Amino acid sequence: MYVNRTYRASHALNRGRTSFCVSYRKSDMWVAVDSDSFCEDMPEVCHQILVDMWAEMERYLATDPEYARALVPYAPGEGAPDIFVRMSAASSLAGIGPMGGVAAACSEYLAVRLAEQRPYREIIIENGGDVFALTTDSLDVAVWAGESPLSGKVGFRVPSEGVAVGVCTSSGTVGPSLSFGVADAVMVVCRDAVLADCLATAYANRVQSVKDVESVAEAIGAEKEVIAAAVVKNDRIAIAGELMPIFFK
5 MYVNRTYRAS
15 HALNRGRTSF
25 CVSYRKSDMW
35 VAVDSDSFCE
45 DMPEVCHQIL
55 VDMWAEMERY
65 LATDPEYARA
75 LVPYAPGEGA
85 PDIFVRMSAA
95 SSLAGIGPMG
105 GVAAACSEYL
115 AVRLAEQRPY
125 REIIIENGGD
135 VFALTTDSLD
145 VAVWAGESPL
155 SGKVGFRVPS
165 EGVAVGVCTS
175 SGTVGPSLSF
185 GVADAVMVVC
195 RDAVLADCLA
205 TAYANRVQSV
215 KDVESVAEAI
225 GAEKEVIAAA
235 VVKNDRIAIA
245 GELMPIFFK
């Protein structure tokens with residue numbers, strides 16, 4: 005199903021980065037690399053990486069279809085691709101099925117494989133609202149929360165500075181992804197992007213009303229791997245973690 009990524013109009017590029025979009029199957033990615041590393045065939049190389057990645061995943065799913073349907077932690081079978089092993093490990097920590105981390109896992113996969121073929125100094129990949137970043141400076145990221153009046157107004161200045169970081173968001177009101185909650189947005193920042201994706205999914209499931217915003221944010225903040233988190237429902241937001249929120253006009 006095609007989803008019009010209207011929020012991408014707000015992606016601001018500066019500091020010498022070049023961006024492009026690449027999509028295949030269920031992956032729809034916005035990619036930015038430092039302009040000194042960008043080359044004209046990079047979008048084509050990224051597309052082929054996605055083709056190969058999805059072929060590998062689909063071959064395995066043909067033999068183990070339950071992997072894609074599992075809503076609780078699920079161990080991959082013998083011969084599973086590394087990306088599924090990665091997703092299973094992260095999702096087991098969050099207590100959800102492995103597909104809860106697929107967006108960030110695909111972004112991480114692309115970043116790793118692209119570096120092998122077209123080395124870069126910096127990369128930012130946004131895939132369905134989830135961000136994998138490896139930059140030399142901090143990254144300002146706003147919470148996208150659909151119809152909430154807080155959408156795009158609050159976020160974090162995320163330290164990357166040469167170390168990969170994930171900024172992932174799950175919602176029960178925005179987008180096609182499965183959620184058992186009603187949060188407008190649950191954003192989680194972790195050094196491990198796949199874990200950030202899984203935790204965002206898991207905790208978004210817990211938001212059943214605006215009354216849950218503070219308690220869910222507090223619970224996310226207690227996760228030792230979490231750098232920061234934000235939970236949004238309607239006009240209510242709660243922040244947790246070590247980063248101070250920043251505000252956007």
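To convert, take the position in the sequence shown, counting from 1, and add 4; that gives this note's numbering. The beta-carbon is built from N, C-alpha and C at its ideal position, and this holds for glycine as well. The structure presented is a predicted model; accordingly, all values stated were derived computationally and were not measured.
| query | result |
| --- | --- |
| Beta-carbon of M91 versus every beta-carbon of chain C: anything under 8 angstroms? | Absence of chain C from the displayed structure is noted, only one protein chain being present. |
| Candidates E48, I87, Y78 and S39: which alpha carbon is nearest A59's? | I87 |
| Who does A242 pair with in a DSSP beta bridge? | V235 |
| Measuring only from the beta carbon, is A244 closer than 7 angstroms to any heavy atom that is part of the ligand SAM? | Only the bare structure without any ligand can be found here, which leaves the ligand SAM out of the picture. |
| Assign A109 to one of three DSSP states: helix, strand, or coil. | helix |
| So S111 and A197 are in contact, right, with Cβ under 8 angstroms, and what is the actual spacing, rounded? | 7 angstroms |
| I believe R240 touches V214 by the beta-carbon criterion, under 8 angstroms. Please report the beta-carbon distance rounded to the nearest angstrom. | 5 angstroms |
| Straight-line CA distance for L54 to D141? | 27 angstroms |
| How would you write the range of the beta strand (DSSP E) that C194 sits in, first residue to last? | A189 to C194 |
| Reducing DSSP to helix, strand and coil, say where G104 ends up. | helix |
| What are the uninterrupted segments assigned as alpha helix (DSSP H) that are 4 or more residues long and contained completely in the segment 71–145, given in chain order? | 86–98 and 106–121 |
| Roughly how many whole angstroms lie between the Cα atoms of Q52 and M33? | 13 angstroms |
| Considering only C-alpha positions, which residue in the set A234, A168, G105 and K30 is nearest to T139? | A168 |
| Could you tell me which of V162, D56 and G133 sits nearest to Y113, measuring between CA atoms? | D56 |
| Grab the span of the beta strand (DSSP E) containing A36 for me, first residue to last. | S31 to D38 |
| Return the first residue and the last residue of the beta strand (DSSP E) that T205 is part of. | Careful: T205 lies outside any beta strand (DSSP E), inside the alpha helix (DSSP H) at A197 to A208. |
| Put Y6 into one of helix, strand or coil per three-state DSSP. | Caution applies to Y6, whose pLDDT of 39 falls short of 50 and renders its modelled position unreliable; the value that the coordinates give is listed next. Looking at Y6 - three-state DSSP - the assignment turns out to be coil, as it is neither helix nor strand. |
| Would you kindly report the start and end of the unbroken alpha helix (DSSP H) that includes V169? | Run containing V169: none in the alpha helix (DSSP H); it sits in the beta strand (DSSP E), V169 to S174. |
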